[in-house]
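Those protein sequences? They're chains A and B, same order as listed.
To convert, count from 1 in the first sequence and add 3; that's my numbering.
To convert, count from 1 in the second sequence and add 2; that's my numbering.
Cβ coordinates follow ideal geometry from the N, Cα and C atoms, glycine included.
Structure record follows, encoded as structure tokens.
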Amino acid sequence: MNLLARIRRIPFWSWIWFILGALYFLLPLLATFNFSLRMERDVIGFKAYIRAFEDPEFLKTFLYSNVLALMTIIASIILIVPTAYWIRLRLPEARRIVEFITLLPFVVPAIILVFGLIRIYSSPVKIPFSDITLLKPLTTFEVGTDILIVAGYMVLGLPYMYRSVDTGMRTVDVRTLTEAAQSLGANWFTIITRVILPNIRAALLSGALLTFAIVVGEVTLASFLGVPAFGPYLFLLGQHRAYEPAALSFASFLMTWVAMGLIQLFTGGQGQAAGAH
Amino acid sequence: MTHLALKNVSKHFGDFTAVKDFNLDVRKGEFVSFLGPSGCGKTTTLRMIAGFEIPTEGVISIEGIDITNKAPSQRNVGMVFQSYALFPNMTVAQNIGFGLRIRKEKESDITDRVKEMLAIINLEKKADSYPYQLSGGQMQRVALARALAIRPEVLLLDEPLSALDAKIRVSLRAEIRSIQQKLGITAIYVTHDQEEALSLSDRIVVMNMGEMEQVGTPFEIYNFPTTVFSANFVGTLNNANGEVVDPANGTLTVDGVKFESATDLKSRKKGDKVKVAIRPERFSFASEIRKANVVDAKIENITFLGSVVRIQIKIGNTRFNMDTFNNPFLELPKIGSTEQVTCSKEAVLVLDE
Chain A
4 MNLLARIRRI
14 PFWSWIWFIL
24 GALYFLLPLL
34 ATFNFSLRME
44 RDVIGFKAYI
54 RAFEDPEFLK
64 TFLYSNVLAL
74 MTIIASIILI
84 VPTAYWIRLR
94 LPEARRIVEF
104 ITLLPFVVPA
114 IILVFGLIRI
124 YSSPVKIPFS
134 DITLLKPLTT
144 FEVGTDILIV
154 AGYMVLGLPY
164 MYRSVDTGMR
174 TVDVRTLTEA
184 AQSLGANWFT
194 IITRVILPNI
204 RAALLSGALL
214 TFAIVVGEVT
224 LASFLGVPAF
234 GPYLFLLGQH
244 RAYEPAALSF
254 ASFLMTWVAM
264 GLIQLFTGGQ
274 GQAAGAH
Chain B
3 MTHLALKNVS
13 KHFGDFTAVK
23 DFNLDVRKGE
33 FVSFLGPSGC
43 GKTTTLRMIA
53 GFEIPTEGVI
63 SIEGIDITNK
73 APSQRNVGMV
83 FQSYALFPNM
93 TVAQNIGFGL
103 RIRKEKESDI
113 TDRVKEMLAI
123 INLEKKADSY
133 PYQLSGGQMQ
143 RVALARALAI
153 RPEVLLLDEP
163 LSALDAKIRV
173 SLRAEIRSIQ
183 QKLGITAIYV
193 THDQEEALSL
203 SDRIVVMNMG
213 EMEQVGTPFE
223 IYNFPTTVFS
233 ANFVGTLNNA
243 NGEVVDPANG
253 TLTVDGVKFE
263 SATDLKSRKK
273 GDKVKVAIRP
283 ERFSFASEIR
293 KANVVDAKIE
303 NITFLGSVVR
313 IQIKIGNTRF
323 NMDTFNNPFL
333 ELPKIGSTEQ
343 VTCSKEAVLV
353 LDE
């Protein structure tokens with residue numbers, strides 16, 4: 004009764020916009036799902052899903068992209084958390100500059116980024132003014148390419164990860180918590196790992212999820228650096244087959260939703276804790 | 003024996019001087035309050051003791067050891083913040099034990115110490131609660147226990163009661179004082195609330211615009227303020243302009259009305275202009291008892307303040323407030339009448355500007 008009364012109080016036009024928005028997002032998804040079930044003539048079934056999951060390339064590329072996503076998330080946290088923390092604590096005047104830098108990936112296309120990376124790192128790294136080589140070209144060996152692509156993904160994920168972390172830090176009184184920990188004898192490493200990180204867990208998970216979604220579906224960087232990632236695999240599959248890419252696209256949507264649900268589950272008490280502070 | 007010493011400590015932020023030439027010796031187990039309005043430098047001084055700010059000039063030492071440039075984590079100083087600053091991700095017990103874990107103490111010792119601290123703050127049942135499950139008063143008690151658990155050399159309290167409601171503030175301040183005395187710990191307390199400073203402290207440092215105005219016991223600060231600021235900031239005060247008549251006898255006039263003062267006026271000359279201050283409660287009606295000064299006063303207004311009745315009187319051309327305790331049989335004069343009021347020599351304070 005109470006819920007009904009609340010629903011009735013929502014204005015008519017709000018309902019119209021909500022329904023239109025929901026249709027805009029859900030109809031293509033439902034259409035994709037419907038299409039993916041029709042691989043066999045006159046039969047509704049999961050054959051496309053079975054075929055897609057059976058392909059050894061699927062598992063290989065999917066796992067590889069997952070590892071890349073994990074590496075990107077870890078490296079991003081190591082870079083961004085101390086940066087955002089230090090800006091909040093000691094360098095508030097640098098905030099605008101850093102925010103501008105984090106928005107650059109929206110302006111500079113991934114194609115420019117990958118050509119820049121290839122151009123710089125396809126030559127050996129030498130000691131300046133000498134012929135002594137420090138490192139062979141990163142694009143010429145597997146680990147080197149992996150490092151390059153993770154660095155590239157860090158740039159692509161920067162706007163989402165930085166903003167999530169910064170928003171998370173806004174909800175806790177970073178300065179006072181730091182001073183409290185310092186007065187109790189904690190060093191910087193302890194403060195970040197035991198006080199700051201646990202209190203921005205929800206923000207980190209949100210940033211990590213967005214980064215994960217970007218990395219798993221990314222095509223440009225992976226194609227040009229020639230790595231066996233899930234994005235290019237899906238792209239190629241789409242060019243040769245009809246039903247399997249639809250099945251995989253729908254499956255990846257489901258995986259994202261599961262990840263979002265897990266975030267809700269893990270961070271259920273966070274808002275309360277931060278709010279009460 | 004001096005436990006904490008601040009010698010010629012100053013702090014500048016660019017052109018702005020936050021603290022100027024601060025000198026203080028604090029004995030072990032002493033409770034000292036820094037009292038003053040916002041921006042007077044009291045919190046900056048406290049933060050310099052904690053190590054969150056480095057003095058531009060001067061030396062801070064604990065037990066004779068110079069700590070001026072030591073990192074906050076190296077000072078063994080406990081701090082209680084206005085906003086509690088409890089770690090939201092940790093339980094009450096984990097918060098209290100945090101400093102001990104940093105010091106890598108044995109887990110059994112930590113458990114014992116946490117239990118001991120929980121008993122002191124009467125929150126044994128809240129050991130497993132998270133900060134968001136506690137009231138403001140409980141959170142501040144946990145913050146106090148956390149600061150005390152590490153057995154600090156000095157306990158620093160930065161307006162710890164400001165965020166609490168009036169009733170809890172009164173009960174918690176009594177608790178803070180009792181715990182401090184029980185543990186015999188040296189404490190520095192920052193507040194802008196004169197009642198808090200007067201009720202808690204062994205000594206009060208009155209601060210104004212980065213400088214120390216007066217240092218003394220609450221009794222001295224209230225009864226014998228040495229500067230106009232100090233007298234005005236602590237308690238209610240009547241201010242008047244006076245003129246020295248006889249420095250040897252402590253005689254002066256306010257608007258031509260003669261007063262005798264116990265303040266030593268020997269350094270002044272006849273005719274010198276001085277600031278005269280009298281607390282409202284030091285006046286009484288001469289019909290009750292006659293003291294050294296008896297003067298005619300016109301009754302201008304009477305305000306009922308509960309336990310006290312405030313009477314506005316005019317002596318010469320200067321208005322004064324006079325406070326008298328309320329009782330059901332109190333006979334108050336009529337507004338517009340002239341009555342004789344009296345005050346002692348000691349009540350008439352002659353202050354520096």
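{"Check": "What is the DSSP secondary structure of A:V222, reduced to helix, strand or coil?", "Outcome": "coil"}
{"Check": "Quick one: which chain A residues come within Cβ less than 8 Å of B:A87?", "Outcome": "D176, T179, L180, E182, A183"}
{"Check": "Per the contact definition of three or more C-beta pairs closer than 8 Å, is the stretch 39–53 of chain A in contact with the stretch 246–264 of chain A?", "Outcome": "yes"}
{"Check": "Decide if A:Y27 is buried, meaning its Cβ has at least 16 other Cβ atoms within 10 Å, or exposed.", "Outcome": "exposed"}
{"Check": "Using a C-beta to C-beta distance shorter than 9 Å, which residues of chain A count as neighbours of B:V79?", "Outcome": "S186"}
{"Check": "Closer than 8 Å is the cut-off here; do at least three beta carbon pairs connect the stretch 66–76 of chain B with the stretch 151–170 of chain A?", "Outcome": "no"}
{"Check": "Could you compute how far the alpha carbon of B:F231 sits from the alpha carbon of B:V61?", "Outcome": "27 Å"}
{"Check": "Would you say A:Q275 faces chain B, with C-beta separation under 8 Å as the test?", "Outcome": "Residue confidence is low: A:Q275 scores 43 on pLDDT, short of 50, so the model does not pin down where it sits. Its coordinate-derived value is still stated next. Chain B, which has a Cβ nearer than 8 Å to the Cβ of A:Q275, makes this yes."}
{"Check": "Is the CB of A:T170 under 8 Å away from at least one CB in chain B?", "Outcome": "no"}
{"Check": "Compute the Euclidean distance between the alpha carbons of B:L33 and B:I190, then round it to the nearest angstrom.", "Outcome": "In the sequence on display, residue 33 of chain B carries Phe and not Leu. C-alpha separation (whole angstroms): 6 Å."}
{"Check": "Taking buried to mean at least 16 other C-beta atoms within 10 Å of its own C-beta, is A:I199 buried or exposed?", "Outcome": "buried"}
{"Check": "Taking the alpha carbon of A:L33 as the point to measure from, which residue in A:F256, A:V261, A:V177, A:M263 has its own alpha carbon closest?", "Outcome": "A:F256"}
{"Check": "Would you check if there are 3 or more beta carbon pairs closer than 8 Å linking the stretch 27–44 of chain B to the stretch 3–12 of chain B?", "Outcome": "yes"}
{"Check": "DSSP state of B:R29, grouped into three classes?", "Outcome": "strand"}
{"Check": "Keeping to the same chain, check which residues put their C-beta closer than 7 Å to that of B:L239; ignore five residues upstream and five downstream.", "Outcome": "A233, A279, R281"}
{"Check": "Give a yes or no on whether the minimum CB-CB distance between A:V198 and chain B is below 8 Å.", "Outcome": "yes"}
{"Check": "Considering only the beta carbon of each residue, do A:T219 and A:P235 sit closer than 8 Å?", "Outcome": "It is Val, not Thr, that sits at residue 219 of chain A in the sequence shown. No, Cβ-Cβ distance for A:V219 and A:P235 is not below 8 Å."}
{"Check": "Based on DSSP bridge pairs, tell me the residues matched to A:V70.", "Outcome": "A:V70 is not bridged to any residue."}
{"Check": "Touching or not, the stretch 174–191 of chain B and the stretch 143–162 of chain B, by the rule of three or more beta carbon pairs under 8 Å?", "Outcome": "yes"}
{"Check": "For chain A, is any of its Cβ atoms less than 8 Å away from the one on B:L157?", "Outcome": "no"}
{"Check": "Determine, using beta carbons only, whether A:A189 comes closer than 8 Å to chain B.", "Outcome": "yes"}
{"Check": "So A:N146 is in the alpha helix (DSSP H); what residue range does that whole segment cover?", "Outcome": "Reading off the sequence shown, one finds Val at residue 146 of chain A, where the question assumed Asn. Residues 145–174."}
{"Check": "Taking Cβ positions only, does B:S131 come closer than 8 Å to chain A?", "Outcome": "no"}
{"Check": "Anything in chain B within Cβ reach of A:P201, meaning under 9 Å, just list it in chain order.", "Outcome": "F89, P90, N91, M92"}
{"Check": "Alpha carbons only, please: which of B:C42, B:V82, B:G338 is nearest the one belonging to B:G139?", "Outcome": "B:V82"}
{"Check": "Quick one: what does DSSP say B:A7 is sitting in, helix, strand or coil?", "Outcome": "strand"}
{"Check": "Please check if any C-beta of chain A sits within less than 8 Å of the C-beta of B:G16.", "Outcome": "no"}
{"Check": "Listing by chain order, which chain A residues have their CB less than 8 Å from the CB of B:A52?", "Outcome": "E182, S186"}
{"Check": "Examine chain A for any beta-carbon lying closer than 8 Å to the beta-carbon of B:R105, and answer yes or no.", "Outcome": "yes"}
{"Check": "Note down, in chain order, each residue of its chain lying with its Cβ closer than 8 Å to the Cβ of B:S346, except the 5 sequence neighbours on either side.", "Outcome": "A264, R284, K293, A294, N295"}
{"Check": "Considering only their Cβ atoms, is the gap separating B:I104 from A:G188 smaller than 8 Å?", "Outcome": "yes"}
{"Check": "State the DSSP-derived secondary structure class of B:A129, mapped to helix, strand or coil.", "Outcome": "coil"}
{"Check": "Can you tell me which of the three DSSP states B:H14 falls into?", "Outcome": "strand"}
{"Check": "Closer than 6 Å by C-beta to B:G338: which residues in its own chain qualify, once you throw out the five before and the five after it? Chain order, please.", "Outcome": "none"}
{"Check": "Please name the residue in B:V208, B:E213, B:R312 whose C-alpha comes closest to that of B:E222.", "Outcome": "B:V208"}
{"Check": "Between the stretch 56–63 of chain A and the stretch 123–136 of chain A, can you find at least three pairs of beta-carbon atoms closer than 8 Å?", "Outcome": "no"}
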